[in-house]
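Asks: Chains as they are written, first to last, in this note's numbering: chain A, 6 to 390; chain B, 3 to 133.
Glycine included, C-beta positions come from ideal geometry on N, C-alpha and C.
Input: one structure, supplied below.
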Amino acid sequence: MNSVLTDTLNRTQLYEWHKEHGDIVSFAGWAMPVRFSNIREEHMAVREAVGIFDVSNMLRMWIEGPDSIDFLQTVTTNNVRKLKINGGQYSTCLNENGGTFDDLMLYRIGEEEFIWVTNAANGAKIWAHLEEQAKKFDVKVTDKTKEIAMIAVQGPNALALLGKMSEKDMDEFGRFTCNPLTIAGYDTFLCRTGYTGEAGAEVLVLNCSFSEEGKERATGFWKEILAQGAEFDIKPCGLGARDSTRLEAGFVLYGHELDEETSPIEARIPYAVKFKVEPHYIGYDTVRSHKKEGVKKTRIGFVMIDRGIPREKYPILLNGSEIGMTTSGGISPISNKGIGMGYVPPDTVDVGDIIEIDIKGRHRRAEVTKWPFYDLEKYGETRTA
Amino acid sequence: MGDTEIKDELKYSAEHEWIKVEGDIAIIGITDHAQNALHEITFVEISEVGTVLKANDECGLVESMKASSDLFTPIGGEIVEVNTELEDAPEKINEDCYGEGWLFKIKPSNLEADLAALMDANAYKALIESE
């Protein structure tokens with residue numbers, strides 16, 4: 006891409022390395038690598054070995070102060086009081102109408118200290134929302150995005166690699182935990198979370214500002230993982246594989262499956278939404294009515310039967326009539342079939358039903374399925390084979 | 003752009019297709035520049051044999067890992083053959099776009115006029131350098 010465009014985009018601490026080794030694209034105001042080798046190979050490295058992603062473009066905020074729990078319970082939908090120190094929870098942040106401002110990971114690192122990690126695309130909107138809401142509480146919200154690098158290490162070999170690098174038994178760190186950890190001499194928070202469906206972590210590498218020194222530090226950590234990961238068949242991965250792995254895992258992506266017109270109940274992420282909470286969060290009444298009285302639309306997944314690759318915003322048909330619209334689609338590198346997600350009215354289709362996707366005027370059959378779109382015995386964090 | 007392959011003997015469309023006339027048939031594919039930009043091609047669909055098209059009519063689509071692109075025929079006429087090998091091996095377009103990765107053959111209905119609207123290798127080279 007031309008330099009006039011990239012000059013106006015934000016760059017992560019790792020930009021120079023990405024530019025040298027990958028293809029750069031514009032994403033949500035950031036110049037990010039879309040691939041380093043090819044998307045399919047990077048995708049399969051995550052499914053079969055280990056891949057690393059630079060996710061330093063995501064917004065990272067520190068929330069501190071005596072009212073931090075009440076404040077967070079006002080703006081997020083999971084049960085903040087149930088979040089233990091060194092724990093993490095997936096949550097959503099809603100508008101007054103119960104539509105979704107954002108989905109996020111919330112980590113608790115102290116009695117009154119939390120980390121909020123959120124989508125790059127929603128950064129400015131969420132920052133403004135929290136700043137406004139925080140006025141009512143004794144709480145401090147600090148944007149630390151440009152002080153910390155964030156690297157996702159994902160795949161069946163990810164924990165063995167991180168164990169070797171930190172000389173720690175990774176069994177100490179269960180899923181959805183967040184602990185300070187020194188990895189190969191670097192101070193980090195090890196967040197045992199991810200967005201691929203595979204085991205692994207998202208590592209917050211501290212003291213990586215956007216100064217030359219910070220960039221060097223972040224790049225040093227990235228190179229160290231690649232060097233130590235060689236024996237684990239590691240690959241650096243770009244945004245292409247990030248999207249294909251999350252789609253295959255059936256995870257929602259903000260701006261596709263989630264937006265301000267869609268509640269987390271409609272998006273079928275009920276684990277992000279709790280009702281026995283105090284105070285009631287913004288949007289509470291709407292999501293409770295969605296839960297109790299039902300929704301007008303619901304998220305489905307599907308696999309193509311006929312040839313064709315679904316993409317977002319393709320009509321979904323049942324018996325020839327349009328019933329909804331796709332929100333994401335692509336090819337599954339594991340099955341080589343087209344897979345996708347979308348919204349239809351509730352109770353119109355069940356798993357196993359045949360629908361049609363209107364792919365640019367061609368009606369192609371697909372089967373409604375559960376997610377993830379892979380065999381849980383062979384792939385994913387809980388694989389047994 | 004230095005390593006983009008352009009073949010002197012072919013004609014080119016602004017949609018990054020190449021056209022080769024052999025006897026009374028035109029063979030159509032996508033250029034090296036196009037396959038490079040699309041990267042990993044995962045799926046190709048072309049209108050059926052027997053379909054009659056005017057120049058610039060939509061005639062199928064090419065899917066890569068990241069995006070879907072429509073195909074338009076640069077030459078009007080009747081599709082007489084489609085490269086069915088690409089159904090199972092769409093990556094042939096990445097590997098050999100001017101050879102085994104050809105897309106379809108058309109029996110032209112208005113060849114002279116359609117060819118006149120296309121570019122030669124030099125003009126196409128100038129186009130991609132200006133992009």
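1. In angstroms, rounded to a whole number, what distance separates the CA positions of A:S171 and A:L164?
2. Could you name the residues of the stretch 45–78 of chain A whose beta carbon sits closer than 8 angstroms to any beta carbon of chain B, in the order they occur along the chain?
3. Between B:I95 and B:G101, is the Cβ-Cβ spacing less than 7 angstroms?
4. Identify whether A:R312 lies in helix, strand or coil by the three-state DSSP scheme.
5. Check the Cβ-Cβ distances between A:G347 and every residue of chain B, and say whether any is below 7 angstroms.
6. May I ask you to report which of helix, strand or coil DSSP gives A:K240?
7. Please determine if the stretch 62–76 of chain A and the stretch 108–124 of chain A are in contact, where contact requires at least 3 C-beta pairs separated by less than 8 angstroms.
8. Mapping DSSP to helix, strand and coil, what is A:N324?
9. List the residues of chain B that A:V39 touches, going by C-beta distances under 8 angstroms, in chain order.
10. Would you decide whether A:G325 is buried or exposed? Buried here means 16 or more other CB atoms lie within 10 Å of its CB.
11. List the residues of chain A that B:E65 touches, going by C-beta distances under 9 angstroms, in chain order.
12. B:S71 by DSSP, collapsed to three states: which one?
13. Check whether the stretch 85–95 of chain A touches the stretch 139–154 of chain A, counting contact only when three or more Cβ pairs, one atom from each stretch, lie closer than 8 angstroms.
14. Roughly how many angstroms lie between the CA atoms of B:N124 and B:A28, to the nearest whole one?
15. A:G306: buried (16+ other C-beta within 10 angstroms of its C-beta) or exposed?
16. If we require 4 or more residues per run, which alpha helix (DSSP H) segments fall completely within the stretch 215–299 of chain A?
17. Quick check on B:Q37: does DSSP put it in helix, strand or coil?
18. Beta carbon of B:E17, beta carbon of B:F74: below 7 angstroms?
19. By the criterion of Cβ-Cβ separation under 9 angstroms, what are the contact partners of B:H41 in chain A?
20. By DSSP, does A:A36 sit in helix, in strand, or in coil?
21. What does A:S249 touch in chain B if you count any residue whose Cβ is under 8 angstroms from its own?
22. Quick check: what's the CA-CA separation for A:P338 versus B:S49?
23. What residues in the stretch 27–52 of chain B bring their beta carbon closer than 8 angstroms to a beta carbon of chain E?
24. Answer yes or no: do A:P38 and A:H48 have a C-beta to C-beta separation smaller than 7 angstroms?
25. With distances taken Cα to Cα, identify the nearest neighbour of A:D107 among A:K296, A:T81, A:L211.
26. Use the C-beta contact count for A:I359: other C-beta atoms within 10 angstroms, 16 or more gives buried, fewer gives exposed.
27. Could you tell me if B:E114 is buried or exposed, where buried requires 16 or more neighbouring beta carbons within 10 angstroms of its beta carbon?
28. What are the residues in the stretch 355–386 of chain A lying within 7 angstroms of chain B by C-beta distance?
29. Ends of the alpha helix (DSSP H) at A:A165?
30. For B:E7, count neighbouring C-beta atoms within 10 Å of its own C-beta (all shown protein chains included) and say buried if the count is 16 or more, exposed if not.
Replies: So, from the listed chains and residues:
1. 10 angstroms
2. So the list reads R45, given in the order they occur along the chain.
3. no
4. coil
5. no
6. strand
7. yes
8. coil
9. K68
10. Around the beta carbon of A:G325, a 10 Å sphere encloses fewer than 16 other beta carbons of the protein chains shown; the residue is thus reported as exposed.
11. G313, I314, R316, G335, I336, G343
12. strand
13. no
14. 20 angstroms
15. buried
16. Listed in chain order, they are 217–234, 244–254, 289–298.
17. Note: B:Q37 maps to helix in three-state DSSP.
18. yes
19. D28, V39, R40, N43, I44, G245
20. Strand.
21. M67
22. 25 angstroms
23. The question asks about chain E, but that chain is absent: this structure's protein chains are A and B.
24. no
25. A:T81
26. exposed
27. exposed
28. K365
29. Secondary structure note for A:A165: its alpha helix (DSSP H) is the uninterrupted segment 163–171.
30. Answer is exposed; the Cβ neighbour count stays below 16.
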